[in-house]
Amino acid sequence: MELPKLNFQETFDFKFKKDKDKFFIYDLVRKTYLLLTPEEWVRQHWIHYYLTVKSYSTSALVTEKKIVLNGLTKRIDLLVTEKAQPKILIECKAPGVKLTEKTFEQTARYNSIIGAKEIILTNGLQHIHAYFEDGQYQFYRSE
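The sequence shown begins at 1 in UniProt numbering and counts up one residue at a time.
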C-alpha cells in the first residue's frame with residue numbers, strides 16, 4: 001500500500017488492517033476501522049493533528065455529520081467544536097483533487113448551515129484557511 005506523504009510537519013501513529021485486498025485505517029473519533037480511501041487518509045491526518053498537536057478531545061471532533069443544503073442531504077468531513085459550538089469546518093479532498101474556487105465555495109455553502117468561525121479546505125498537500133468575518137471570508141496562512 002503506497003500512501004502519499006501529506007503536508008504535515010508531524011508524523012502520526014496510524015493503525016491499519018488489511019482484509020482480503022482492502023486496507024482500513026482506525027478512526028479514533030468513531031472508534032472503528034474505515035476503508036482507507038485517499039480522502040480518508042487526509043481526514044485521519046487532521047483528526048490526529050487536532051487530537052495530538054492541538055490536544056482536543058475526541059468528543060470535540062465530529063465526522064460525517066449530515067446537513068441539509070437546498071433540500072439535499074450532504075455530509076461534512078470534519079468539524080472541530082469548542083464547548084459544543086462549531087469552531088472549524090474542515091473539508092477534505094483526495095490528494096489528487098485540485099483545490100479551486102468551486103471547491104472552496106462548496107465548503108462555504110456547507111458552512112452557511114454549520115456556522116463555524118473558520119474553515120479549512122484541504123487535499124492533504126495544500127491547505128486553504130479562512131475566517132468568516134463581517135459576512136465574508138478572510139484568507140490567512142496557518143502557522
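We treat Cβ as the ideally placed atom computed from N, Cα and C, and that holds for glycine.
Since this is a predicted model, take the numbers as computed values, not measurements.
Legend entry - Outcome for N107 when other beta-carbon atoms lying within 10 angstroms are tallied against a minimum of 16: According to the sequence provided, residue 107 is Thr. The question's Asn does not apply to it. Here T107 is buried: its Cβ has 16 or more other Cβ atoms, across all protein chains shown, within 10 Å.
Legend entry - Every unbroken beta strand (DSSP E) inside the region 58-85 [3 residues or more]: Segments of the beta strand (DSSP E) lying fully in the region 58-85: 61-63, 66-69, 72-75, 78-82.
Inset, instruction - Can you give me the Cβ contacts of L51 inside the same chain, cut-off strictly under 7 Å, excluding the 5 residues immediately before and after it? - result: Beyond the five residues adjoining it in sequence on each side, L51 comes within less than 7 Å, by CB distance, of L28, T58 in the same chain, given in chain order.
Inset, instruction - For K15, I'd like the list of residues in its chain whose CB is within less than 6 Å of its CB, leaving aside the five on either flank, ordered along the chain. - result: If we look at K15 and ignore the five residues flanking it on each side, its Cβ neighbours are Y26.
Inset, instruction - For F14, name the three-state secondary structure that DSSP assigns. - result: Here F14 sits in coil by DSSP.
Legend entry - Ranges of the beta strand (DSSP E) found wholly within the region 81-114, counting only runs of at least 3: Within the region 81-114, the runs of beta strand (DSSP E) at least 3 residues long that lie entirely inside it are, in chain order, 85-92.
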